[in-house]
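Position 113 of the sequence shown, counting from 1, maps to 1082 under this note's numbering, and the rest follow consecutively.
This report concerns only the one structure given below.
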Amino acid sequence: MSGINDALRAAADQFGTPLYVYDAATISGQYAKLKQAFSGHPTRFFYACKALSNVAILRHIQALGSGLDCVSINEVRLGLHAGFEPQNILFTPNSVTFEELVAAKELGVNLNIDNISLLERFGARFGASYPVCVRLNPHIEAGGNYKIQTGHIDSKFGISIHQLRHLERVVKGTGLHVRGLHMHTGSEIKDVGVFMRALEILFDAAGRFPDLDFLDLGSGFKVPYKPGDAETDLTTLGQQVAAAFQGFEREYGRPLECWFEPGKYLVSESGYLLVHVAVVKQTTATVFAGVNSGFNHLIRPMFYDSYHHISNLTNPQGAERLYTVVGNICETDTFAWDRLLPEIRENDLLAFHNAGAYGFEMSSSFNSRPRPAEVLLEAGQLRLIRRRQTFEDLLAGQIDAVEVLS
Ligand SMILES: *Cc1c(COP(=O)(O)O)cnc(C)c1O
């Protein structure tokens, strides 16, 4: 197959739409860029699988040598199922019960604890026998959108850096072994300086914990969505991080690994949501292109006001006109407002770009419309990695009194 557009058209022909397609080569390329950028210091990557957790994707990323960051016990189970070793899994939950934390401990994965009361209970029960990482909140405001900022003063995440003394007391009192400190300030952070400020704060805090093996800077690398969009300058960040670690290690007295948990960076650009145009509707003011999908399949435009590039794969050379591209959900359901696109006709095939991260993963069957199928493009081959939901799937699990009685 020549070129991604041919592959996407072939996928739509073979599997129908709406359809998610992921290009494995793009994921490999992003991972290689990360490794290269941070080659100046021992660094480990844990793919944040809440971005896209299909097991075929997890296996692909595991084969690249990455670890896995999980935010729920089921993500941990998916990771183990996909072949990740427990020591290559990091569990970074928030607002979870002690029982869920212990369940993850029983599975042998790295724990990242973000709450003093949980830490106290964990320390009282396990002491130094199970080293942990602690999630701090640096109170840095950063990120592309308020909903994806996690480091600010009102955020629920992490243990405030103003509570370090309290944290230290709990650690001393319970004999906990803290082997890592973690911070994740948000998503879509393009400014290298934000990461460096977070690192300085981690260095400051590290002085209180003598047995550290690593410092974890979380993630939030920005990827381009619009043509010409800025992205995080990872080469510069890698150089600055390496230099900063070298300086700090001399002071700290032992080597420290740097950990990251990239989600979006690895999978965003690999993914496309393919849809067909059901109707073209000219109203008094607007030309709508209504497609056979909606925010039930790709919620980011409605939820985060995000921009997704759209291409018309059926009519790429058409004369450009302005369209508002909408879905079929019975609510305002807009993918793009007043977008200049090659002329759209009914039944044309459109592709939403950058749909790999938080696309399928945040989908639902709202309006009783089944979730799409997923396909992986690997070495020129298209492989179905999740079948399309069916009407029977919508009924599965429901308890229907009529059937119970009969
Ligand atoms: C969501 C999340 C990530 C990944 O963020 P991206 O912006 O997708 O790279 C990393 N770490 C933690 C703890 C997260 O919650």
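Glycine included, C-beta positions come from ideal geometry on N, C-alpha and C.
Three-state class that DSSP yields for residue i in the structure shown
{"i": "Arg-1013", "result": "strand"}
{"i": "His-1245", "result": "strand"}
{"i": "Val-1344", "result": "strand"}
{"i": "Lys-1159", "result": "coil"}
{"i": "Pro-966", "result": "Because the chain spans 970 through 1375 in this model, residue 966 falls outside it and cannot be assessed."}
{"i": "Ala-1324", "result": "coil"}
{"i": "Ala-1258", "result": "strand"}
{"i": "Cys-1102", "result": "strand"}
{"i": "Ala-1032", "result": "helix"}
{"i": "Ala-976", "result": "helix"}
{"i": "Cys-1018", "result": "helix"}
{"i": "His-1277", "result": "coil"}
{"i": "Phe-1214", "result": "helix"}
{"i": "Glu-1200", "result": "coil"}
{"i": "Gly-1240", "result": "strand"}
{"i": "Ala-1365", "result": "coil"}
{"i": "Ala-993", "result": "helix"}
{"i": "Ala-1288", "result": "coil"}
{"i": "Glu-1312", "result": "coil"}
{"i": "Lys-1002", "result": "helix"}
{"i": "Thr-1253", "result": "coil"}
{"i": "Ile-1109", "result": "coil"}
{"i": "Asn-1063", "result": "coil"}
{"i": "Phe-1007", "result": "coil"}
{"i": "Phe-1190", "result": "strand"}
{"i": "Leu-988", "result": "strand"}
{"i": "Phe-1360", "result": "helix"}
Residue i beta carbon near ligand 1 (any heavy atom closer than 8 Å)
{"i": "Lys-1233", "result": "yes"}
{"i": "Asp-1038", "result": "yes"}
{"i": "Thr-1061", "result": "yes"}
{"i": "Glu-1230", "result": "yes"}
{"i": "Phe-1190", "result": "yes"}
{"i": "Ser-1156", "result": "yes"}
{"i": "Gly-1325", "result": "no"}
{"i": "His-1029", "result": "no"}
{"i": "Lys-1019", "result": "yes"}
{"i": "Gly-1187", "result": "yes"}
{"i": "His-1153", "result": "yes"}
Contacting residues, own chain, Cβ-Cβ under 7 Å from residue i (five flanking each side not counted)
{"i": "Lys-1159", "result": "Lys-1191, Ala-1199, Glu-1200, Thr-1201"}
{"i": "Gly-1287", "result": "Asn-1281, Pro-1311, Glu-1312"}
{"i": "Asn-1023", "result": "Glu-1343, Ile-1354, Arg-1355"}
{"i": "Trp-1306", "result": "Thr-1293"}
{"i": "Gln-1031", "result": "Ala-1051, Gly-1052, Phe-1053"}
{"i": "Thr-1204", "result": "Ala-1006"}
{"i": "Asn-1316", "result": "His-1245, Val-1246"}
{"i": "Leu-1133", "result": "Ala-1174, Arg-1177"}
{"i": "Leu-1087", "result": "Phe-1067, Leu-1070"}
{"i": "Tyr-1099", "result": "Lys-1074"}
Whole-angstrom C-beta distance between residue j and residue i, which should lie under 8 Å
{"i": "Ser-1275", "j": "Gly-1232", "result": "Ser-1275 to Gly-1232, Cβ: 15 Å. No contact."}
{"i": "Asn-1336", "j": "Cys-1299", "result": "6 Å"}
{"i": "His-1131", "j": "Asn-1081", "result": "With 8 Å as the limit, His-1131 and Asn-1081 do not qualify as a contact, their Cβ atoms being about 20 Å apart."}
{"i": "Leu-1049", "j": "Pro-1055", "result": "7 Å"}
{"i": "Val-1246", "j": "Ala-1254", "result": "Not really, about 20 Å apart at Cβ, beyond 8 Å."}
{"i": "Gly-998", "j": "Phe-1014", "result": "With a Cβ gap of about 14 Å, Gly-998 and Phe-1014 do not count as contacting."}
{"i": "Ile-1042", "j": "Ala-1073", "result": "6 Å"}
{"i": "Asp-1309", "j": "Glu-1289", "result": "The sequence given here has Leu at residue 1309, not Asp. So it is a contact: roughly 5 Å between Cβ atoms."}
{"i": "Ala-1025", "j": "Leu-1351", "result": "Incorrect: roughly 12 Å between the Cβ atoms, too far for contact."}
{"i": "Leu-1242", "j": "Asp-1182", "result": "Between Asp-1182 and Leu-1242 the Cβ distance is about 40 Å, and since that is not below 8 Å, they are no contact."}
is_contact[residue i, chain D] using C-beta, thresh 9 Å
{"i": "Glu-1343", "result": "The structure shown contains no chain D; it holds only a single protein chain."}
Contact set for residue i: own chain, Cβ-Cβ below 8 Å, skip 5 residues either direction
{"i": "Pro-1339", "result": "Arg-1357, Gln-1358, Thr-1359, Phe-1360, Asp-1362, Leu-1363"}
{"i": "Thr-986", "result": "Leu-1243, Val-1244, His-1245, Asn-1261, Ser-1262, Leu-1318, Pro-1341"}
Cβ-based neighbour list, residue i, same chain, cut-off 6 Å, excluding 5 preceding and 5 following
{"i": "Phe-1304", "result": "Pro-1270, Val-1294"}
{"i": "Val-1161", "result": "Asp-1202, Thr-1205, Leu-1206"}
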